[in-house]
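Structure, as structure tokens:
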Amino acid sequence: MPRPRDRGILWPKPAVNPNRLSTPLASETEMPNTLRRRYRKKRARKSGLPPGALVGVGDALGPTQMTRTLWSGEALREDQVADLTDIGTPRPRDAVTWINVAHAHQAEVVRRLGEVYGLHPLVQEDILNHDQRPKVEDHGNCLFVVLKILGFNDEAHELTAEQLSLVLGPDYLLSFQEVEGGATLEPVRERLRAHHARTRQGRADQLAYAILDAVVDEYFVALEKLEDHVEDLENDLLSTSRAAALPIILQLKRQTLFLRHAVWPLREVVAELQRAGGTLVSDETRVYLRDLYDHVVQVMDMAEDLRETVAGLLDLYLSTLNLRLNEVMKVLTLFTAVFIPLTFCVGVYGMNFRHMPELDWWWAYPALWVLMVAVGGGMVAYFRHRRWL
Amino acid sequence: MPRPRDRGILWPKPAVNPNRLSTPLASETEMPNTLRRRYRKKRARKSGLPPGALVGVGDALGPTQMTRTLWSGEALREDQVADLTDIGTPRPRDAVTWINVAHAHQAEVVRRLGEVYGLHPLVQEDILNHDQRPKVEDHGNCLFVVLKILGFNDEAHELTAEQLSLVLGPDYLLSFQEVEGGATLEPVRERLRAHHARTRQGRADQLAYAILDAVVDEYFVALEKLEDHVEDLENDLLSTSRAAALPIILQLKRQTLFLRHAVWPLREVVAELQRAGGTLVSDETRVYLRDLYDHVVQVMDMAEDLRETVAGLLDLYLSTLNLRLNEVMKVLTLFTAVFIPLTFCVGVYGMNFRHMPELDWWWAYPALWVLMVAVGGGMVAYFRHRRWL
Amino acid sequence: MPRPRDRGILWPKPAVNPNRLSTPLASETEMPNTLRRRYRKKRARKSGLPPGALVGVGDALGPTQMTRTLWSGEALREDQVADLTDIGTPRPRDAVTWINVAHAHQAEVVRRLGEVYGLHPLVQEDILNHDQRPKVEDHGNCLFVVLKILGFNDEAHELTAEQLSLVLGPDYLLSFQEVEGGATLEPVRERLRAHHARTRQGRADQLAYAILDAVVDEYFVALEKLEDHVEDLENDLLSTSRAAALPIILQLKRQTLFLRHAVWPLREVVAELQRAGGTLVSDETRVYLRDLYDHVVQVMDMAEDLRETVAGLLDLYLSTLNLRLNEVMKVLTLFTAVFIPLTFCVGVYGMNFRHMPELDWWWAYPALWVLMVAVGGGMVAYFRHRRWL
Amino acid sequence: MPRPRDRGILWPKPAVNPNRLSTPLASETEMPNTLRRRYRKKRARKSGLPPGALVGVGDALGPTQMTRTLWSGEALREDQVADLTDIGTPRPRDAVTWINVAHAHQAEVVRRLGEVYGLHPLVQEDILNHDQRPKVEDHGNCLFVVLKILGFNDEAHELTAEQLSLVLGPDYLLSFQEVEGGATLEPVRERLRAHHARTRQGRADQLAYAILDAVVDEYFVALEKLEDHVEDLENDLLSTSRAAALPIILQLKRQTLFLRHAVWPLREVVAELQRAGGTLVSDETRVYLRDLYDHVVQVMDMAEDLRETVAGLLDLYLSTLNLRLNEVMKVLTLFTAVFIPLTFCVGVYGMNFRHMPELDWWWAYPALWVLMVAVGGGMVAYFRHRRWL
Amino acid sequence: MPRPRDRGILWPKPAVNPNRLSTPLASETEMPNTLRRRYRKKRARKSGLPPGALVGVGDALGPTQMTRTLWSGEALREDQVADLTDIGTPRPRDAVTWINVAHAHQAEVVRRLGEVYGLHPLVQEDILNHDQRPKVEDHGNCLFVVLKILGFNDEAHELTAEQLSLVLGPDYLLSFQEVEGGATLEPVRERLRAHHARTRQGRADQLAYAILDAVVDEYFVALEKLEDHVEDLENDLLSTSRAAALPIILQLKRQTLFLRHAVWPLREVVAELQRAGGTLVSDETRVYLRDLYDHVVQVMDMAEDLRETVAGLLDLYLSTLNLRLNEVMKVLTLFTAVFIPLTFCVGVYGMNFRHMPELDWWWAYPALWVLMVAVGGGMVAYFRHRRWL
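Protein chains in written order, with the working numbering: chain A, 2 to 390; chain B, 2 to 390; chain C, 2 to 390; chain D, 2 to 390; chain E, 2 to 390.
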């Protein structure tokens, strides 16, 4: 029977995406800078509590949803878990169980799953704390993996990140998503429904690998979109002087900093998974993990290239700005320089000396015009000759 | 019976916080730059003395205060130690003793504890020397841990640091604070008083872990405040040109340098604690230390991000300053450029040639005004067209 | 009998080189920037597919061509494989087989070879995915090597890259080229045809070494051409101010980034080949691999030098631009400074005071000219003396 | 009987300190730059000689002085060794011998000690060559340690360095100072004279540790003084624009480069001493060496901070210079901009048109003054409003 | 009997030094840039050839000269080898043979020595290819060492480099110089002629060490000269603005890049020699190699310092250039600012208003002069007061 607390699972999903890292392209003063604010609040809320205290500290306020998939040979059953007491029912022998928890921020759900599957209190705490670095921990009876699902918000031109925690046991896999990872896990679920897919024929470790592979594939998509964004900005900087580029560049710098913390530990995670796991990871799966490792290294290469490109953007911006300003100043200075001697000329014949013979010559005035045009034209020609203009 | 020297324990606490790293936001010439001065004085006082000489070299001038907590099963006793001879009383079997020394700068107190608990002379020296790098030393019968408690002075916008030394034995924990660490250790003490807390049920190593965890939690708070400060400064730099930003940036650079020395060795300390300790650290606690290790790595990530951000602040400051100056210079140069040809025009008709037909035309003067307005307006339009204005 | 699908092998080769990394020297806005676009499309096409899915993701649209070479002692036979079923024919004992696949983007060809030679599905996938990092994998029965063939497009002044995959078995070598590697493998084939060549006398590992050696030799040629290009650009920057240099420098930066990803893993590949391979690599060949390793390290040195030189190009460009602009501004400012006091002089005698005795002196006007020439000449002389001019 | 050569020991000490690294604060052209010159001369003198050739290559021209200290239990004897033959006298059993050689540049002295104590020819060469990197060598029967004693010349504001070589045997310690290390070793000698000092109770290894500790303590003093100097310079740069700062900054850069070579290998030396030494270093001393290791790491931190601060000085200098210049230029340009339209106004009424009605109005002249004051004042007000002034 | 080819050995030595790296101090456009050109040609010539093909690719066109030295106990014989067949004569038992080949670019000579001493084809190829990185290879029966002899061309102010290859066998040493290393090996030969020299008493490994030591000693000389050159340039940059400095700085950067490739692998070479060699290197020699290792580390320190100094030269150059230009601009702007209000003043009294009472006052004109002198002087005084002048 569902307890009152469980009804909270049906709370409506908030309209705004709470995982937006920040809002680039907006003015800096109004920039919500969500990445840092979110990070900060979480930690501040936790400080002073004993370690292992189960407090949901994520901002993901959508309704917690649990999906359970069981398969064994030909049979496969999928259902939504609405009642927490339902989890503890004995599993059929030889079957593999996958429980996916979306919007995993309710301490009660995690505690119940922890009881059933024997999870260490610290693992339960880490699942609820959505601010973990990617890592893998070997707890003997299970492997605990934390990683980030990266996305790219096409409108705000920014990376989005949500946490995915996996608990891999001998015949079960628990996955906890910070929000509902949407498209990322769907292909895996599709493949599982197909009879002859390799994912279906393997055990829980093959499923874990399939999820990791799907997540890393998403990295390529997100990073390629970010690359596009950076490249567009680069072209903008080369063609026009955008005064508003400075906050965007700062924002990109923060994103690459964040990227580094999300991607670099991932390599260690996959390498660790290959080594660790005892009987939890089969040799067959290890070959696939080696392939995944190669992909992660490629993602790191992309992230590193992005970091270098973004680091060069500020230099590029200031250079082009300088070039443009210099051009303006040079043209104006040349313009002034042409008029300076001409003004001197007309000044000379504005003098009131009594004895200035030129003043009485009738052709003096037109001659002076000719002279001045010649001087002005000569200077322009000289400047052109020296390639100053 | 308290000896006269022990009365010194009751000296009043000084009004100013002696641990302020420095005073940012003040003008550089008056900046006390406390971090370096303090560092320097300490060392200068020690030079030439034999190693192991017990001299209190901290600036913490508050009264030394000792708090003793004993617990065993259900029973728990807390008291203030006023008499040094009192320390040596035999401890009840199976009880765990925690002696916390605040304002640990009196050589006599440390020497007495050293005698009772058999501390190596170098350990005693290091406890009194409040300028240690974080480190852990395995002395066989005990583990000696040094670390820094970080805080953030909200008024002076600066990090504060005090040293915390722990000596972990089989059934005792000695902790020495440079000043009275205030809020940091209070939650640990609270949890100890609760009957069923894990900290209470464990041995001395659980208590040591709880203290380390509380200290690292404080790091998050302090670093998040520093991040806020840096971010505010960044926004200031983007919106207005603050000439006074240079000393603040220098000050922040020093703080990040200090941070590196405080945080980086901490990772080694926690890793070492996991490996070392023999029977002093139980396997149960080791699992918790692994969790602490993750936290420390996160702190390092934050500190590293801060370092990179602060390193970019000077570039940012100079860039915005340059942008703003360039804007001023460009406007003024354009302004000048508009008047230069006009001044030439009026100069022409200021000439005294006898034969200047224009001078006699009655419409020449208004026509010249029309011409000049046209030239001036045309130039402004051209500048706007070229996006120079 | 050739099946219909195989006729696709005869598709005409595209006129444009699909492996061009990018088009430098063109304006940035129109720059196709092929490297990134290509990279992106590939990955986007793959995302969501199960690992090991065989989809040709290269852009190399030329007809797939298979060349088979068998030799054993004196005998050597070369032929084009037109029928896929032909591959499975039993190989003569003691003979070494080399199958080279050019334009390796047809999944069917790779799958058939995979069946005959027992290749792991992930190896088959990697062969078709032309976006791998250089790597070596030991699959027990065979070694799988991926590397890049570098070239230099003399017209577009840019590096070209194609992927080469090698599968080294006990008595066979399979090589898969992204396009037809043209001149790179031809010398190896020539040497194989010669009776007494060392390559001919060895087994498959000697052939693999010969191919690797030929590829690395091509690196030297490509990098030396790129070095020439960079040096020409450097000389251009020193002699004239090319406003168009900025996009070219950006382009070169991207090429050096790419180079790093192509060259750095290569060292690991060759070192791994020396260590791994069990009986697949003979001791004799290992000595040659050590020599190859030295060559790769030299290539890395060249690539690293290039990277540093290119990194310095932007500084160099901005410096020379600044120097030149400064020269212009200085000359113009000096020019203006000379005329400023002269204009003041003529202004003085343009005043209309009734009592200005100088105005009535007949020699005042020529005297003023003498004075002005003296002042102007004196200033120029002073500027020259101060080395400002 | 003292041989004639030994009389050289009594040569007077030169007035100038030969160990000054360089003379900052002087103009660059006259800077003696002693560090590099000295370094160079030494090496040039040695080139071409066989390895192990004993040639005194130091510049330390003071008289070589040998001090011998023997102690055993209660007894302690100190004397000056005036005769080289005196060294070979048999040492009392159980006694520890310490021979300190100041101004160690006479080959004869080193050769004689080498014979008596069985030193390898290369050790003898290294003792005489005062240009060694800090290092430790285990020669089985003895440990050979080289390190630098750092000082700070308060007048010239520069680091001074002299070499100290130690040879640690089972019951003897030989120490060779480049010059007379003055205050550095005196505290050690004092402690040795005290009956109950730990240094006195230990063997030769305790003495070696005491000397190393005294040397590292001196590092703190020297580095703190250099830090003061750098900080003073930083404050100077922030408050005034010192044109002479460039050579001083260059000089400081060289000092930090030198510092790195003096300090970084030191860590290896102390770590090596802890590991090596067999029976030469007792376990008791090893504990103390661990403490010394911590000190060396702190010195490295200080040196690293100094390096970063000095590296930032040039940026700081150029920034403040730029800020100041920009301020000047801006004020002047604004000043000019105010007068430009005023000059245009007066130019207008300097024209000689016959039909200029304003010229005849009697109030036109004062009205123009009012207008011009209004325009000028308005512009200044506008500039202030825009915060340009 | 000398064959015709051997007569080539007597070809005259070319007048120009073919090892000059480049010609600094010349204008960039005419800079031969020998280092890169040479490097490139060599490799281009080799590409496409099978590995191990013996082609002389050096530019060293002097006559190949072979010198043979045999010694055994008291006896020592030196002669020039004019006939290649002469090499194969059986060597006396217990004798050590040293064959030195200068201008080692004739394939025939290397092939013959290879046959006699059993050298691997790749070793023979490497000896002829004068573009190797420093390395050591253990071929079981012999050690193959490649290193660079560095020199400094005092006229062209540039490093010169030639390759030296050593083959160390149990009782022989073969040395191949790219050109005739002149002064470098002469001291070794001299010492060999002396009866009691350690080099003479040792075996071939002592000779190899003596040669390595002589080569590294030359490094000190070359680097010290380069340091002098850099320091002279630094002083030049501080005192005058040399527009020609840019190509020289670029040239120095290339030299430091080259230096890194020549010096850094050397450390590995010497460390490898200490470890490797089995019976080829005696324990006695290993002690000397450790000393050599220290020297190499010192050379690396020097090279690293040079690199940092040269890297800072461009900044220094631009800074001083900027300072000087700023000074000029500031003076001129101040100069202009003084005249601007004066020109306004004379403009005022150039107006033609009928009612300007001042025009009629007889003392107005001199009073205006007094006013203008006062204003001008006041401004100069103000600028001086503000320290702008």
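Positions of the beta carbon are idealized from the N, C-alpha and C atoms, including for glycine.
Everything numeric in this text was worked out from a predicted model, so none of it was measured.
Find the residues of chain A that neighbour residue i, judging by a C-beta separation of less than 7 Å, and give them in chain order.
i        : result
Met352/B : Val347, Tyr350, Gly351
Determine the direct distance from the alpha carbon of residue j to that of residue i, and round the result to whole angstroms.
i        : j        : result
Ile250/A : Val222/E : 49 Å
Gln178/B : Ile212/B : 12 Å
Gly378/E : Trp363/B : 43 Å
Pro171/B : Val231/D : 48 Å
Leu120/E : Leu114/E : 8 Å
Ala272/E : Arg291/C : 18 Å
Val101/E : Val282/C : The sequence as given places Asn at residue 101/E; Val does not occur at that position. Using only the alpha carbons, I get a separation of about 36 Å.
Val180/B : Ala105/B : 7 Å
Gln202/A : Lys254/A : 44 Å
Thr286/B : Leu208/B : 10 Å
Asn236/E : Ala312/E : 15 Å
Where does residue i fall in DSSP's three states?
i        : result
His386/C : helix
Glu138/E : strand
Met352/B : coil
Gln275/C : helix
Ser320/C : helix
Trp72/A  : strand
Arg261/A : helix
Ser166/A : strand
For a contact defined as C-beta to C-beta under 8 Å, what are the partners of residue i on chain C?
i        : result
Lys136/E : Asp295
With a cut-off of 8 Å on the beta carbons, I'd call residue i and residue j a contact; round off their distance for me.
i        : j        : result
Lys149/C : Ala157/C : The pair is not a contact, with the Cβ atoms about 18 Å apart (cut-off 8 Å).
Glu219/D : Leu151/D : 6 Å
Show which residues of chain A have a CB atom less than 8 Å away from the CB atom of residue i.
i        : result
Leu238/C : Residues of chain A passing the Cβ test: none, with the nearest at roughly 13 Å.
Cβ closer than 9 Å: which chain C residues qualify as neighbours of residue i?
i        : result
Thr337/E : Thr334, Thr337, Ala338, Ile341
Give me the chain B residues within the contact set of residue i, using Cβ-Cβ distance strictly less than 7 Å, ordered along the chain.
i        : result
Val329/A : Lys331, Trp389
Give the interface partners of residue i over in chain D, defined as CB-CB distance under 9 Å, in chain order.
i        : result
Lys254/B : Glu309, Thr310, Gly313
Discussion item. Would you call the stretch 348-363 of chain E in contact with the stretch 301-321 of chain E, where contact means no fewer than 3 C-beta pairs closer than 8 Å?
Written reply: The stretch 348-363 of chain E vs the stretch 301-321 of chain E: no contact.
Practice prompt. For the stretch 292-303 of chain A and the stretch 125-143 of chain C, state whether three or more C-beta atom pairs, one from each stretch, are separated by less than 8 Å.
Written response: With the rule of 3 Cβ pairs closer than 8 Å, the stretch 292-303 of chain A counts as touching the stretch 125-143 of chain C.
Worksheet item: Do the stretch 332-346 of chain B and the stretch 327-338 of chain D meet, that is, are 3 or more Cβ pairs less than 8 Å apart?
Response: Judged by Cβ distances under 8 Å, the stretch 332-346 of chain B makes contact with the stretch 327-338 of chain D, as three or more pairs qualify.
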